[in-house]
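Q: This structure is in structure tokens; I'll ask about it shortly.
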Amino acid sequence: MSETPGEACGVFGIYAPSQRVAPLIYFGLFALQHRGQESAGISTSDGRTVTVFKDMGLVSQVFDEANLAGLDGHLGIGHTRYSTTGSSLWANAQPIHRQAGHTSVALAHNGNLTNTRRLADTLGLAGETSDSALMVEAIARRIDDERSDSRGLEKAMLEVLPTFEGAFSLVVMDQGRIIGARDPFGFRPLCLGEVPGGGWVLASETAALDLVGARFKREVEAGEMVVIDANGVRSMRPFASSDPRLCLFEYVYFARPDSRLHGQTVHAARRRMGSILAAEHPADADVVVPVPESGIPAAQGFSQSSGIAYADGLVKNRYVGRTFIEPSQLMRDRGIRLKLNPIPETLEGKRVVLVDDSIVRGSTTRQLVAMVRQAGAAEVHLRVSSPPYRWPCFYGMDTSDQSTLIAARMTVEEIRLHLGADSLGYLSLPGLLAATEADGFCTACLSGDYPTRVPVEVSKYVLEGTR
Ligand code: SF4
Numbered sequence: 001m002s003e004t005p006g007e008a009c010g011v012f013g014i015y016a017p018s019q020r021v022a023p024l025i026y027f028g029l030f031a032l033q034h035r036g037q038e039s040a041g042i043s044t045s046d047g048r049t050v051t052v053f054k055d056m057g058l059v060s061q062v063f064d065e066a067n068l069a070g071l072d073g074h075l076g077i078g079h080t081r082y083s084t085t086g087s088s089l090w091a092n093a094q095p096i097h098r099q100a101g102h103t104s105v106a107l108a109h110n111g112n113l114t115n116t117r118r119l120a121d122t123l124g125l126a127g128e129t130s131d132s133a134l135m136v137e138a139i140a141r142r143i144d145d146e147r148s149d150s151r152g153l154e155k156a157m158l159e160v161l162p163t164f165e166g167a168f169s170l171v172v173m174d175q176g177r178i179i180g181a182r183d184p185f186g187f188r189p190l191c192l193g194e195v196p197g198g199g200w201v202l203a204s205e206t207a208a209l210d211l212v213g214a215r216f217k218r219e220v221e222a223g224e225m226v227v228i229d230a231n232g233v234r235s236m237r238p239f240a241s242s243d244p245r246l247c248l249f250e251y252v253y254f255a256r257p258d259s260r261l262h263g264q265t266v267h268a269a270r271r272r273m274g275s276i277l278a279a280e281h282p283a284d285a286d287v288v289v290p291v292p293e294s295g296i297p298a299a300q301g302f303s304q305s306s307g308i309a310y311a312d313g314l315v316k317n318r319y320v321g322r323t324f325i326e327p328s329q330l331m332r333d334r335g336i337r338l339k340l341n342p343i344p345e346t347l348e349g350k351r352v353v354l355v356d357d358s359i360v361r362g363s364t365t366r367q368l369v370a371m372v373r374q375a376g377a378a379e380v381h382l383r384v385s386s387p388p389y390r391w392p393c394f395y396g397m398d399t400s401d402q403s404t405l406i407a408a409r410m411t412v413e414e415i416r417l418h419l420g421a422d423s424l425g426y427l428s429l430p431g432l433l434a435a436t437e438a439d440g441f442c443t444a445c446l447s448g449d450y451p452t453r454v455p456v457e458v459s460k461y462v463l464e465g466t467r
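Counted from 1, the sequence shown has number 411 at position 411 by the working numbering; the numbering is strictly sequential.
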């Protein structure tokens, strides 16, 4: 994706009785850095006291040996954040901690609630802007109500989770246990791994298990809650029903290519997307060039399927990467020039198939096409390995303002003209779904088919915007 609309967050949790877990959480967060770059945090417990350290910035900027040394204990959770609700402030960094009687609760959330306003009204916290803060408040209040019950956190979550609507993959802890939970649609991923020598890990993506040496056991299911403590792992079902709808963009863009979803690597699915794209939108061209790095597997698939040579024509400045603290439009506009540089020798005089994984706003894609032309390309044929992104997402991707979505305002031909490409082809939705070789997806931003109620004023907007 040459322009980054906000991403999902990364969550991690570990219970390992024979180890100090803070360094392991640190490594786990490193593996999840791509899911959020605004803030990072870790909380741990030694069985008696919960300690939290969090700050704005990348994992490597927030943590050092000194502050990791202060995080003691054999269980803990961590979070990397991209703000989707609540502004980019220290107060919204996670894990969020609340004291409820003798119970210390810390929570890390990936996703976005769709009933935030109602929840805030119910709790009498109308000024609270972060859905994650409301969740921890609701849980803490329920524990307070049940103070005599030793299952405080577990029981409170079983009762409170059904009041949350929207997307939430959570890791939550108290002094003695970690709990993982996914909403009944399972919009955001969460997996369970086993630590050799004893212990369990929860993580947004399997790549984080690999980095801490944990073995993948299974995905936490949509609508499932798992409690991990001295007695092992217990599975519970707090919700009346579940209907798996994993975010399709986890396959397209969010997840690391080396992570596994539905038992296969994301990289393999992205290659198939490129392959199907080549069949749906062939091009008369000399070279296939990816928009690095997320466009690379699809470009490889396009090249293999079409027989057109693959070449690196754009270099990513890895040391800039996704380091932007403020997700403002200004930074996004500048982002492309900081991030990518063309290789004229690859592009000069060539008819180029430029492969990207998605176009959301279009502003940086336009700069990108112009940059490839200036570097000498004779023609630029843009191919996109996902369908037009037309409807806003309310489940964790920062695109809730539909007016910023180029495909909500223009036809494909209008977009081509706007971007200055010689041709433009998007992968169809059936093509994208076929490439995943799985089912049970949310496709709302591509199809307008929302699995849940969405805010009323936005529903109207969506209907008006539908073409
Ligand atoms: Fe993912 Fe799109 Fe659904 Fe949001 S609306 S969860 S980005 S598929």
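Positions of the beta carbon are idealized from the N, C-alpha and C atoms, including for glycine.
What residues in its chain sit with their C-beta under 8 Å from that of residue 271, if we drop five residues either side in the sequence?
A: Here residue 271 corresponds to residue number 271 of the sequence shown, with the count starting at 1. Only 297, 298, 300, 301 and 304 meet the Cβ criterion.
Q: So what does residue 12 bridge to, in DSSP terms?
A: As a working note, residue 12 is residue 12 in the sequence shown. Answer is 78 and 203.
Q: Less than 9 Å between the beta carbons of residue 356 and residue 420, yes or no?
A: If you number the sequence shown from 1, residue 356 lands on position 356. If you number the sequence shown from 1, residue 420 lands on position 420. Taking 9 Å as the Cβ cut-off, residue 356 and residue 420 do not qualify as a contacting pair.
Q: Quick check on DSSP: helix, strand or coil for residue 453?
A: As a position in the sequence shown, residue 453 is number 453, starting the count at 1. Coil, per DSSP.
Q: Could you please go through the chain and list the residues whose beta-carbon is closer than 6 Å to any non-hydrogen atom of the ligand SF4?
A: That gives 187, 247, 248, 249, 393, 395, 397, 442, 443, 444 and 445.
Q: Taking the straight line between their C-alpha atoms, what separation do you get for residue 387 and residue 403?
A: On the sequence shown, position 387 is the one that residue 387 refers to. On the sequence shown, position 403 is the one that residue 403 refers to. Those two C-alpha atoms are separated by around 18 Å.
Q: Does residue 215 come out as helix, strand or coil in the three-state DSSP assignment?
A: Numbered from 1 along the sequence shown, position 215 holds the residue referred to as residue 215. Strand.
Q: So, at 6 Å on beta carbons, what are the nonlocal neighbours of residue 285 in its own chain, with the 5 sequence-adjacent residues on each side left out?
A: As a position in the sequence shown, residue 285 is number 285, starting the count at 1. These residues qualify, in order along the chain: 308, 351, 353 and 381.
Q: By the 10 Å Cβ neighbour count, where 16 or more other Cβ atoms means buried, how is residue 323 classified, buried or exposed?
A: Position 323 of the sequence shown, counted from the start, is the residue given in the question as residue 323. For residue 323, the pLDDT reaches just 43, beneath the cut-off of 50, and the residue's location in the model is therefore unreliable, although a value from the coordinates is still provided. Under this definition residue 323 is an exposed residue.
Q: Counting only the same chain and skipping the five closest in sequence on each side, list residues whose C-beta sits under 7 Å from that of residue 136.
A: Here the question's residue 136 lines up with position 136 in the sequence shown. Result list for residue 136: 96, 98, 105 and 107, in chain order.
Q: Between residue 44 and residue 11, is the Cβ-Cβ spacing less than 9 Å?
A: By 1-based counting over the sequence shown, the position of residue 44 is 44. By 1-based counting over the sequence shown, the position of residue 11 is 11. No, the Cβ-Cβ distance between residue 44 and residue 11 is not below 9 Å.
Q: Buried or exposed for residue 210, going by 16 or more other Cβ atoms inside 10 Å?
A: Residue mapping note: residue 210 aligns to position 210 of the sequence shown, counting from 1. Residue 210 comes out buried.
Q: Quick check: the segment 47–66 against the segment 248–256, are there 3 or more CB pairs under 8 Å?
A: Flag = no, the segment 47–66 and the segment 248–256 do not touch.
Q: Excluding the 5 residues flanking residue 321 on each side, which residues of the same chain have their C-beta closer than 6 Å to its C-beta?
A: Here residue 321 corresponds to residue number 321 of the sequence shown, with the count starting at 1. Residue placement at residue 321 cannot be trusted, given a pLDDT of 47 that sits under 50; what the coordinates show is reported in the next sentence. There are no such residues.
Q: Taking 9 Å as the cut-off, decide whether the C-beta atoms of residue 451 and residue 131 are in contact.
A: Here residue 451 corresponds to residue number 451 of the sequence shown, with the count starting at 1. Here residue 131 corresponds to residue number 131 of the sequence shown, with the count starting at 1. No, they are not a contact pair.
Q: When burial is assigned at 16 or more other CB atoms within 10 Å of the CB, is residue 326 buried or exposed?
A: As a first step, residue 326 is located in the sequence shown; it is residue number 326 there, counting from the start. Low confidence applies here, because residue 326 scores a pLDDT of 47, under 50, leaving its location unreliable and the question unanswered by this model.
Q: Just to confirm before moving on: does the CB-CB distance between residue 429 and residue 276 stay below 9 Å?
A: Residue numbering aside, residue 429 sits at position 429 when the sequence shown is read from its first letter. Residue numbering aside, residue 276 sits at position 276 when the sequence shown is read from its first letter. No, they are not a contact pair.
Q: What is the rounded straight-line gap between the Cα of residue 279 and the Cα of residue 290?
A: Residue mapping note: residue 279 aligns to position 279 of the sequence shown, counting from 1. Residue mapping note: residue 290 aligns to position 290 of the sequence shown, counting from 1. The alpha-carbon atoms of residue 279 and residue 290 are separated by roughly 17 Å.
Q: Using a Cβ-Cβ cutoff of less than 7 Å, which residues in the same chain neighbour residue 198 once the five nearest sequence positions on both sides are dropped?
A: Numbered from its first residue, the sequence shown carries residue 198 at position 198. Answer for residue 198: 16, 17 and 18, listed in chain order.
Q: Go to residue 191, then tell me how far its beta strand (DSSP E) extends in each direction, as first and last residue.
A: Along the sequence shown, one-based indexing puts residue 191 at 191. That run of the beta strand (DSSP E) goes 191–194.
Q: Could you spell out the range, first to last residue, of the beta strand (DSSP E) harbouring residue 507?
A: Beyond the ends of the chain as shown, which are 1 and 467, falls residue 507; an answer cannot be given.
Q: So which of 92, 49, 23 and 89 has the shortest CA-CA distance to residue 59?
A: If you number the sequence shown from 1, residue 59 lands on position 59. Answer by Cα proximity: 23.
Q: Tell me, which residues are paired with residue 225 by DSSP?
A: By 1-based counting over the sequence shown, the position of residue 225 is 225. According to DSSP, residue 225 bridges with 181 and 236.
Q: If you draw a straight line from the C-alpha of residue 313 to the C-alpha of residue 340, how long is it?
A: Within the sequence shown, residue 313 is the residue found at index 313, counting from 1. Within the sequence shown, residue 340 is the residue found at index 340, counting from 1. The straight-line gap from Cα to Cα measures roughly 10 Å.
Q: Could you compute how far the alpha carbon of residue 456 sits from the alpha carbon of residue 310?
A: Mapped onto the sequence shown, residue 456 falls at position 456. Mapped onto the sequence shown, residue 310 falls at position 310. Residue placement at residue 456 is poorly supported in this model, since its pLDDT is 49, which falls under 50; the coordinates are not used for a value here.
Q: Do residue 395 and residue 166 come within 9 Å of each other at the CB atom, strictly closer than that value?
A: By one-based count along the sequence shown, residue 166 stands at place 166. By one-based count along the sequence shown, residue 395 stands at place 395. In this structure, residue 395 lies closer than 9 Å to residue 166 by Cβ.
Q: What residue from 342, 232 and 190 has the CA that sits closest to residue 375's CA?
A: Here residue 375 corresponds to residue number 375 of the sequence shown, with the count starting at 1. Out of 342, 232 and 190, 342 has the C-alpha closest to the C-alpha of residue 375.
Q: In whole angstroms, what is the alpha-carbon distance linking residue 317 and residue 208?
A: Numbered from its first residue, the sequence shown carries residue 317 at position 317. Numbered from its first residue, the sequence shown carries residue 208 at position 208. Each residue's Cα considered, the two are about 24 Å apart.
Q: First and last residue of the alpha helix (DSSP H) that includes residue 99?
A: Taking the first residue of the sequence shown as position 1, residue 99 is located at position 99. Note, residue 99: premise wrong, no alpha helix (DSSP H); beta strand (DSSP E) at 96–100.
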